[in-house]
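Novice:
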Amino acid sequence: MKKSLAFIAAGIIAISFGFARHEKFEDPKKIQIVIDAGHGGNDAGAQFEGYSEKEIVAQITKKIKDMNRSENVNITLTRPADIPVTLQQRTDIINTTKPDIVISLHVGSSLNPEKSGVTLYVAKENTSKERASLLARKLGDRIRKNHDFKVDEIQEAPFFVLSKSEAPGIVLQLGYLSNDFDRHYLTDDKQQSRIARTILECVNDLK
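In my numbering, the protein residues as written are 1330 to 1536.
1. At 3 residues or longer, and completely inside the region 1383-1466: list those beta strand (DSSP E) runs for me, N to C.
2. Hey, residue 1486 and residue 1451: beta-carbon distance below 9 Å or not?
3. Please list, in chain order, all residues of the same chain as residue 1388 whose beta carbon is under 6 Å from its beta carbon, the five residues on each side excluded.
4. So, residue 1505 versus residue 1469, is the Cβ gap smaller than 9 Å?
5. Report yes if the C-beta distance between residue 1497 and residue 1464 is below 9 Å; otherwise report no.
6. Considering Cα atoms alone, identify which of 1502, 1416, 1394, 1402 is closest to residue 1480.
7. Drop a sphere of 10 angstroms on the beta-carbon of residue 1350, count the other beta-carbons inside from all chains shown, and report buried for 16 or more, exposed for fewer.
8. Whole-angstrom Cβ separation of residue 1374 and residue 1408, contact assumed at under 8 Å?
9. Does DSSP put residue 1525 in a helix, a strand or coil?
10. Between the beta-carbon of residue 1518 and the beta-carbon of residue 1423, is there less than 9 Å?
11. Measure the alpha-carbon distance for residue 1352 versus residue 1358 and round it to whole angstroms.
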């Protein structure tokens, strides 16, 4: 009888331990990310010496998607090919996907060739502005740590995609094609991969 009771008790403990393990290692929530590659199709965006904004951000966006190995991070692209996508269409994709964060990639150009560096923008008016600002700070800090880019203070701007999206969003302007250092950095395949990896690292921190 004592042996039977001991056997039953051991079984209960084993089952309880199994439940505890299941609760502890339950799959974490999937992180939904939308990456918005600016411009596309007939809209090349910023251009300089044969390079275009639409191509550079598309290349980096593809690298982000391809380098993602996490089963818990799902990445949606608003522009998966070189096609025109309106601002309203981009916003519709975002609001349908309901992501945890939106990162819109852009590259600038300036009449001043000395102007350089990364700028992060958040919407002036958005219900998720506080969270977007927090994520922008984290991404800016990581870029400073991993790259030689100068990172400007976070700016507020009335960008359509940020203002009309229901999710927290950031516009990440990755330097200037008109600046020699920025242009060489942004058009180098290895550096593009480093940029993509930095963005993915920041995204994975959301988990």
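Glycine included, every Cβ here is placed at the ideal spot set by N, Cα and C. In this text, all values refer to a predicted model and were calculated from it rather than measured experimentally.
Specialist: Well, looking at it:
1. Within the region 1383-1466, the complete beta strand (DSSP E) segments of 3 residues or longer fall at 1402-1406, 1430-1437, 1447-1452, listed in chain order.
2. Counting from 1 along the sequence shown, the entry for residue 1486 is found at position 157. Counting from 1 along the sequence shown, the entry for residue 1451 is found at position 122. Taking 9 Å as the Cβ cut-off, residue 1486 and residue 1451 qualify as a contacting pair.
3. If you number the sequence shown from 1, residue 1388 lands on position 59. Hits under 6 Å: 1521.
4. Looking up residue 1505 in the sequence shown gives position 176. Looking up residue 1469 in the sequence shown gives position 140. In this structure, residue 1469 does not lie closer than 9 Å to residue 1505 by Cβ.
5. Position 168 of the sequence shown, counted from the start, is the residue given in the question as residue 1497. Position 135 of the sequence shown, counted from the start, is the residue given in the question as residue 1464. A distance below 9 Å separates the beta carbons of residue 1497 and residue 1464.
6. Mapped onto the sequence shown, residue 1480 falls at position 151. Residue 1480 has its Cα closest to that of 1502, out of 1502, 1416, 1394, 1402.
7. Locating residue 1350 in the sequence shown gives position 21, where the first residue counts as 1. Any reading at residue 1350 is ruled out, since the residue's pLDDT is 40, under 50, leaving its predicted position unreliable.
8. Position 45 of the sequence shown, counting from 1, holds the residue named residue 1374. Position 79 of the sequence shown, counting from 1, holds the residue named residue 1408. About 11 Å separates the two Cβ atoms, so there is no contact after all.
9. Along the sequence shown, one-based indexing puts residue 1525 at 196. Looking at residue 1525 - three-state DSSP - the assignment turns out to be helix.
10. By one-based count along the sequence shown, residue 1518 stands at place 189. By one-based count along the sequence shown, residue 1423 stands at place 94. No. Outside cutoff.
11. As a working note, residue 1352 is residue 23 in the sequence shown. As a working note, residue 1358 is residue 29 in the sequence shown. A caution first: residue 1352 carries a pLDDT of 37, below 50, which makes its placement in the model unreliable, though a value can still be read off. The alpha-carbon of residue 1352 is positioned some 13 Å away from that of residue 1358.
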